[in-house]
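Numbering (our numbering), first residue to last: 175 to 492.
Heads up, the thing below is written out as structure tokens.
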Amino acid sequence: MKKTKLLFIVLTAVLFACGDSKTADASSEVQVITEEIVAHENTIDEQLKGDHESLKQIEFIDQNPIGKSSRSNPVTYVKAYDDIRALYTSLPLSKSRGYKAGVFSFNIDGGRCDTCQGEGEVTIEMQFMADIHLLCEECKGQRFKEDILEVKYKGQHIADILEMTIEDALNFFKEDEKNRIAKKITDKLTPLFDVGLGYVKLGQSSNTLSGGEAQRIKLASYLAKGDRHQKTLFLFDEPTTGLHFHDINKLLYAFNALIDQGHSLLIIEHNPDVIKCADWIIDLGPEGGKNGGHLLFEGTPQDLVKSKKSVTAEYIKP
Ligand SMILES: [Zn+2]
């Protein structure tokens, strides 16, 4: 949070959100904040000075799944799969057989298994019970036809790649330093590793990822873009929910990377370790819902610890 002037805009909106609703959860507050900023953009501009005009867009990074389809996964979300398919298409066996990138897709007919349509499993709908998922007999869960799996890069076929963790895949592709496409793949996978997702499999279906993991994949996709021109205000709603201490550090690292790219962050958070790292804190309270919404403190973490009014001050004292 670099721009204090900008935070005044948001502060007004936060007070509006908290004061007006008794049970509103944080994500609907974020929704209100976003709408307020957009609705009052022109009047705010008249009242404020500073370089807040350099902000070109607002992005709310929530914990909703990265895709509804069981075929969406981390590697497709950050667009690294396009390069992986390009790499497999460039191999001698692919060229001699005339394979195009599409045969390495599990979304379209061609190279994918016809029986499970690239899902690796078949779903049997039960009338009175939950659906049953069975391993596909035809491809044994490998998602592709046998002849497609004959195409190997450094001994691994496309289904092996999808089974790799992000960390393993990074090491695997990094070994091939001179390969331009392998370099593009590692460039796109690195942000996923940086936000603490090294353990997630490349082809892991989005519906098996937690909300916190989905959120960090979205964050990684912005880091991968490395867009320093479209300055963005990122809004986060308790991003540390469900995260291990170790992963919180990685998340903070990713936040700093966004700030280094010139973006600003507004985070709704209760975690003292995150609050301590802010440049500017707006402490609302003293409680939630109708007993909250009052400004208890505004300023730097160093000044917050001296505040008598703030409850948060107790928690962030060194
Ligand atoms: Zn199959």
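All residues carry an ideal CB built from backbone N, CA and C; glycine is no exception.
No experiment lies behind these values; they were computed from the predicted model shown.
DSSP beta-bridge partners of Arg-286: Phe-318
Three-state secondary structure assigned by DSSP to Phe-419: Secondary structure of Phe-419 (DSSP, three-state): helix.
C-alpha distance - Val-485 paired with Ala-260, whole-angstrom precision: Between Val-485 and Ala-260, the C-alpha separation is close to 55 Å.
Cα-Cα separation, Gly-285 to Asp-334: 15 Å
Exposure label - Tyr-129; buried when at least 16 CB within 10 Å: In the structure as shown, the chain begins at 175 and stops at 492. Residue 129 is therefore absent and cannot be evaluated.
7 Å Cβ shell around Thr-360 - same chain, five flanking residues per side excluded: Leu-344, Phe-347, Lys-348
Nearest-angstrom Cα separation, counted from Gly-276 out to Thr-297: About 24 Å.
Beta strand (DSSP E) segment containing Leu-231, residue limits: The sequence as given places Gln at residue 231; Leu does not occur at that position. From DSSP, the beta strand (DSSP E) with Gln-231 extends over 229-235.
Extent of the continuous beta strand (DSSP E) to which Ser-395 belongs: Per DSSP, Ser-395 belongs to no beta strand (DSSP E); it is in the alpha helix (DSSP H), 385-399.
Neighbour-count burial assignment, Asp-368, 16 or more Cβ in a 10 Å radius: buried
C-beta atoms of Arg-245 and Phe-280 nearer than 8 Å: Yes, these two residues count as a Cβ contact at 8 Å.
Secondary structure, alpha helix (DSSP H): runs of 4+ residues fully inside the segment 350-379: 354-368
8 Å Cβ cutoff met for Glu-337 and Gly-372: no
DSSP-derived helix/strand/coil call for Glu-160: A query on residue 160 cannot be resolved here, the shown segment of the chain reaching from 175 to 492 and no further.
Sequence-distant residues of its chain with Cβ nearer than 7 Å to Ala-254 (five each side left out): Ile-359, Lys-362, Leu-363
Under 8 Å between C-beta atoms of Thr-415 and Val-374: Contact flag unset, no.
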